[in-house]
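Student: Dropping a structure here in structure tokens format, bear with me for questions.
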Amino acid sequence: MTTETVDRDVRLFVYERFLAEARPPTAAEIGAGLALDPAEVDASLARLEEGHVLVFAPGTKNIWMANPLSAFPTPFRVETPRGGYWGTCIWDAFGVVAMLGGSGDVLTSCACCGEEMALRVDAGALEPAEGIAHFAVPARRWWDNIGYT
Amino acid sequence: MLAFRSEAHVDRWCETRRSSRGASFGLDQAWQLGRVWYADKLSPDWKRPTPAEAEAAFASIGLTGEFWRLI
Numbered sequence: 030m031t032t033e034t035v036d037r038d039v040r041l042f043v044y045e046r047f048l049a050e051a052r053p054p055t056a057a058e059i060g061a062g063l064a065l066d067p068a069e070v071d072a073s074l075a076r077l078e079e080g081h082v083l084v085f086a087p088g089t090k091n092i093w094m095a096n097p098l099s100a101f102p103t104p105f106r107v108e109t110p111r112g113g114y115w116g117t118c119i120w121d122a123f124g125v126v127a128m129l130g131g132s133g134d135v136l137t138s139c140a141c142c143g144e145e146m147a148l149r150v151d152a153g154a155l156e157p158a159e160g161i162a163h164f165a166v167p168a169r170r171w172w173d174n175i176g177y178t
Numbered sequence: 002m003l004a005f006r007s008e009a010h011v012d013r014w015c016e017t018r019r020s021s022r023g024a025s026f027g028l029d030q031a032w033q034l035g036r037v038w039y040a041d042k043l044s045p046d047w048k049r050p051t052p053a054e055a056e057a058a059f060a061s062i063g064l065t066g067e068f069w070r071l072i
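Chains as they are written, first to last, in our numbering: chain A, 30 to 178; chain B, 2 to 72.
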């Protein structure tokens, strides 16, 4: 197998397991699931992280983000027919809905005042909702600190 | 990217955090951004967009200008 094929298989395994269990798989689970040895898994995860396909939790090799999915709770809860997940930000929360067929609910709150915002997407269309999305950081600097955009 | 009730709440948040005002837009455009960026994420053939492809995706939903430049 080429590294490209391994990386594709690891990426797909991560997403499928993340969606099935609402948490990312460990390196050991990836190895067992794909019959890869630990060194192959570590190398593939490192390439995917280097390529900004996955994000590790700071100081670890544990998957924090497989965007749009977040391993840890965030202010962006998403409920879909497939299951409930956390989006990394409002973009990613909508991204979870889009990735899973285009229908679902995003439950968040105003970052300023904390008032709840319940947003529904039905069959690819956002139901009318008051609100604003704000990026603090220009696009070319997002990966300086992907946890704050 | 965060969600706010209104532009006034974005202003207040930026002031409180001493954060610069970035780019803001309506939630429907945020949904469109989620759709164009992630709808194919589970495809076996998915590839991370190149900077040019990303800029084109942003532009396809009206997000243009220096803030959205990657190249």
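Ideal Cβ positions, reconstructed from N, Cα and C, are used throughout, including at glycine.
With a threshold of 7 Å on Cβ separation, who are the neighbours of Pro-67 of chain A within its own chain once the five nearest residues in sequence on each side are excluded?
Tutor: Closer than 7 Å at the Cβ level, and outside the excluded window around Pro-67 of chain A, lie Ala-56, Gly-60.
Student: What are the start and end residues of each continuous alpha helix (DSSP H) run of 4 or more residues lying completely inside the region 5 to 70 of chain B, in chain order?
Tutor: DSSP runs (the alpha helix (DSSP H)) wholly in the region 5 to 70 of chain B: 8 to 18, 28 to 39, 52 to 61.
Student: Going by the DSSP bridge assignment, what does Val-84 of chain A pair with across the sheet?
Tutor: A:Met-94.
Student: So for Asp-151 of chain A, helix, strand or coil by DSSP?
Tutor: Residue state, collapsed to three classes: strand.
Student: For the alpha helix (DSSP H) containing Gly-112 of chain A, name the first residue and the last one.
Tutor: Here Gly-112 of chain A belongs to no alpha helix (DSSP H); instead the beta strand (DSSP E) covers 112 to 115.
Student: From the beta carbon of Tyr-114 of chain A, is the nearest beta carbon of chain B less than 8 Å away?
Tutor: So no, Tyr-114 of chain A is outside the interface.
Student: Starting from Phe-164 of chain A and walking both ways along the beta strand (DSSP E), at which residues does that stretch end?
Tutor: Residues 161 to 164.
Student: Any contact between the region 110 to 126 of chain A and the region 31 to 49 of chain B? By contact I mean 3 or more CB pairs, one from each, below 8 Å.
Tutor: Segments in contact, yes.
Student: Thinking C-beta only, is Ala-4 of chain B closer than 8 Å to Ala-140 of chain A?
Tutor: Closer than 8 Å, so yes.
Student: Note down, in chain order, all residues in the region 132 to 163 of chain A with a beta-carbon under 9 Å from any beta-carbon belonging to chain B.
Tutor: Cβ contacts with chain B come from Val-135, Thr-137, Ser-138, Cys-139, Ala-140, Cys-141, Cys-142, Glu-144, Met-146, Leu-148, Val-150, Gly-153, Ala-154, Leu-155, Pro-157, Ala-158, Glu-159, Gly-160, Ile-161, Ala-162, His-163.
Student: Using a Cβ cut-off of 9 Å, pull out every chain B residue sitting near Trp-93 of chain A, in sequence order please.
Tutor: What Trp-93 of chain A touches in chain B: nothing, since even the nearest Cβ is about 17 Å away.
Student: So, does the region 158 to 167 of chain A touch the region 103 to 110 of chain A, judging by three or more C-beta pairs under 8 Å?
Tutor: Touching, no.
Student: Kindly list, in the order they appear in chain A, the residues whose Cβ is closer than 8 Å to that of Gly-27 of chain B.
Tutor: Correct list: Gly-160, Ile-161, Ala-162.
Student: If contacts are defined as beta-carbon pairs under 8 Å, then Glu-58 of chain A and Arg-46 of chain A qualify, I think. What distance do you get, rounded to the angstrom?
Tutor: With 8 Å as the limit, Glu-58 of chain A and Arg-46 of chain A qualify as a contact, their Cβ atoms being about 7 Å apart.
Student: Determine the direct distance from the alpha carbon of Val-11 of chain B to that of Thr-17 of chain B, and round the result to whole angstroms.
Tutor: The alpha-carbon atoms of Thr-17 of chain B and Val-11 of chain B are separated by roughly 10 Å.
Student: How should Gly-153 of chain A be labelled, buried or exposed, when 16 other C-beta atoms within 10 angstroms of its C-beta is the threshold for buried?
Tutor: Exposed, because fewer than 16 other Cβ atoms sit within 10 Å of the Cβ of Gly-153 of chain A.
Student: Let me confirm a value: Asn-91 of chain A is counted as buried when at least 16 other C-beta atoms fall within 10 Å, else exposed. Which label applies?
Tutor: Asn-91 of chain A should be labelled exposed.
Student: Taking buried to mean at least 16 other C-beta atoms within 10 Å of its own C-beta, is Tyr-177 of chain A buried or exposed?
Tutor: By the neighbour-count rule (16 or more Cβ atoms within 10 Å), Tyr-177 of chain A is not buried but exposed.
Student: Three or more C-beta pairs under 8 Å: does that hold for the region 56 to 70 of chain B against the region 19 to 31 of chain B?
Tutor: The region 56 to 70 of chain B vs the region 19 to 31 of chain B: in contact.
Student: Between the Cα of Phe-135 of chain A and those of A:Glu-144, A:Tyr-114, A:Cys-142, spot the shortest distance and give me the residue it belongs to.
Tutor: Checking the sequence, you will find Val at residue 135 of chain A rather than Phe. Ranking the options by Cα distance to Val-135 of chain A, first place goes to A:Tyr-114.
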